[in-house]
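One structure is given below, encoded as structure tokens.
In my numbering, the protein residues as written are 220 to 602.
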């Protein structure tokens with residue numbers, strides 16, 4: 220079965236751009252993949268077009284070898300742009316192979332280890348009474364794990380870490396008191412803090428307030444996280460921006476974190492994700508996949524989550540606390556649907572997803588830029 224076409228669609232769907240990729244074959248079987256490098260989709264399209272030049276005519280079943288060739292076929296290997304392109308193509312090739320063999324993608328990954336995929340949801344209200352009420356609503360709807368909202372100056376373009384940690388810590392303590400000890404509570408700081416700020420944040424709360432702290436500082440220097448690990452007793456959830464098994468290496472090997480926020484659409488697709496999962500299992504690190512994109516990403520991550528042993532929760536952005544205000548069913552008529560707080564594993568061949576390609580073709584790309592946050596002194600800080 221030979222690859223005959225690779226078609227990237229970088230288009231605005233609902234509230235964001237999505238970069239989805241269709242891979243076609245000479246036997247009429249096609250697959251869908253998705254890239255995760257939000258905000259830089261044009262760069263990834265360029266990389267996909269480079270790969271397309273020599274992938275056409277190659278055996279679509281030879282996924283592992285094609286992954287290696289895509290990664291190693293240039294002197295400047297790897298990086299987030301190239302890996303996002305490889306991810307989309309790799310996921311589409313798994314979709315093709317599953318469809319051609321008449322099996323779900325999880326069977327290509329070693330088989331299904333669970334029938335349902337538990338998720339964690341996020342509150343959308345800023346720290347305060349409404350956030351607490353959203354937490355209660357999530358528990359009522361069946362969620363046993365959730366991510367609370369950190370405080371920031373919404374829509375102002377200003378971010379002051381010390382103000383944020385003072386307010387957020389106070390309401391995290393309140394959330395634990397009102398939501399109880401059984402629910403898993405975490406906070407995503409989106410790498411907006413320093414080491415000192417992170418330590419101060421955690422010291423403002425009794426031990427046991429949080430079950431995980433996500434991305435408190437940037438990931439470029441593992442030694443910084445290692446230093447932070449010695450001062451903080453909260454489990455870390457890290458890795459959504461990692462673009463290879465090599466970026467995960469120091470975190471896994473040095474025991475820095477406890478949850479891998481792996482993104483199958485950024486790390487190198489399902490091929491690379493399974494390698495990270497196996498490595499993590501040997502070090503008792505659980506997979507906690509990042510999943511803020513579209514239905515193709517969700518479907519691929521569900522198959523991954525079904526196939527690995529060391530799994531905790533899959534991120535979902537569909538809950539009673541976080542209504543995105545857009546129904547994408549017209550674009551993706553067959554897609555994963557959350558049932559209570561879980562996704563049921565789909566046994567359909569391939570990813571088990573359908574795309575309205577004609578409608579996708581009618582959409583256009585819209586340039587979108589993440590907020591450029593500044594502190595009150597005018598200096599730039601992380602978004």
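Every residue, glycine too, gets a C-beta built ideally from N, C-alpha and C.
Here the structure is a predicted model, which is why all the values come from computation and not from measurement.
- Taking C-alpha positions only, residue 395 is separated from residue 580 by approximately 47 angstroms.
- With respect to the 8 angstroms criterion, residue 323 and residue 510 are not classified as neighbours on the basis of their beta carbons.
- Burial of residue 519 is indicated by the presence of at least 16 other C-beta atoms within 10 angstroms of its C-beta.
- Taken in chain order, the complete beta strand (DSSP E) segments of 3 residues or longer contained in the segment 553-590 are 561-563.
- Excluding residues up to 5 positions away in sequence, 591, 592 and 593 lie with their Cβ nearer than 8 angstroms to the Cβ of residue 599 in the same chain.
- Nearest to residue 312 by C-alpha distance, out of 225, 264 and 352, is 225.
- Between the alpha carbons of residue 522 and residue 596 lies a distance of about 46 angstroms.
- The shortest CA-to-CA distance from residue 428 to any of 234, 405, 460 and 578 is the one to 405.
- Annotated as distal: residue 246 and residue 484, with beta-carbon spacing of 8 angstroms or more.
- For the segment 249-332, the continuous beta strand (DSSP E) assignments of 3+ residues that do not extend past its boundaries occur at 249-254, in sequence order.
- Inter-segment contact for the segment 324-332 and the segment 265-272 is absent: fewer than three beta-carbon pairs are separated by less than 8 angstroms.
- With respect to residue 458, residue 481 sits close: the two C-beta atoms are nearer than 8 angstroms.
- The continuous alpha helix (DSSP H) containing residue 395 extends over residues 380-398.
- In the DSSP assignment, residue 517 falls outside any beta strand (DSSP E) and lies within the alpha helix (DSSP H) extending over 514-526.
- For residue 231, there is no enclosing alpha helix (DSSP H); the residue is found in the beta strand (DSSP E) stretching over 222-232.
- In the structure shown, residue 490 falls within a helical segment according to DSSP collapsed to helix, strand and coil.
- Residue pairing from DSSP leaves residue 480 without any beta-bridge partner.
- Secondary structure note for residue 418: its alpha helix (DSSP H) is the uninterrupted segment 414-422.
- Judged by DSSP secondary structure, residue 446 falls outside any beta strand (DSSP E) and instead within the alpha helix (DSSP H) spanning 441-448.
- Taking every protein chain shown into account, the CB of residue 299 has 16 or more other CB atoms within 10 angstroms, so this residue is buried.
- In the three-state reduction of the DSSP assignment, residue 239 falls in the strand class, which pools E and B.
- Beta-bridge pairing by DSSP links residue 338 to 533.
- Remark: C-beta atoms of residue 506 and residue 530 approach each other more closely than 8 angstroms.
- Checking the DSSP bridge columns, you'll see residue 404 partnered with 365.
- Residue 507 carries a coil assignment under DSSP once its states are collapsed to helix, strand and coil.
- For residue 561 against residue 336, the beta-carbon gap comes to about 6 angstroms, under 8 angstroms, which counts as contact.
- When DSSP states are grouped into helix, strand and coil, residue 462 belongs to the coil group.
- Annotation: residue 316 to residue 342 spans about 38 angstroms, alpha carbon to alpha carbon.
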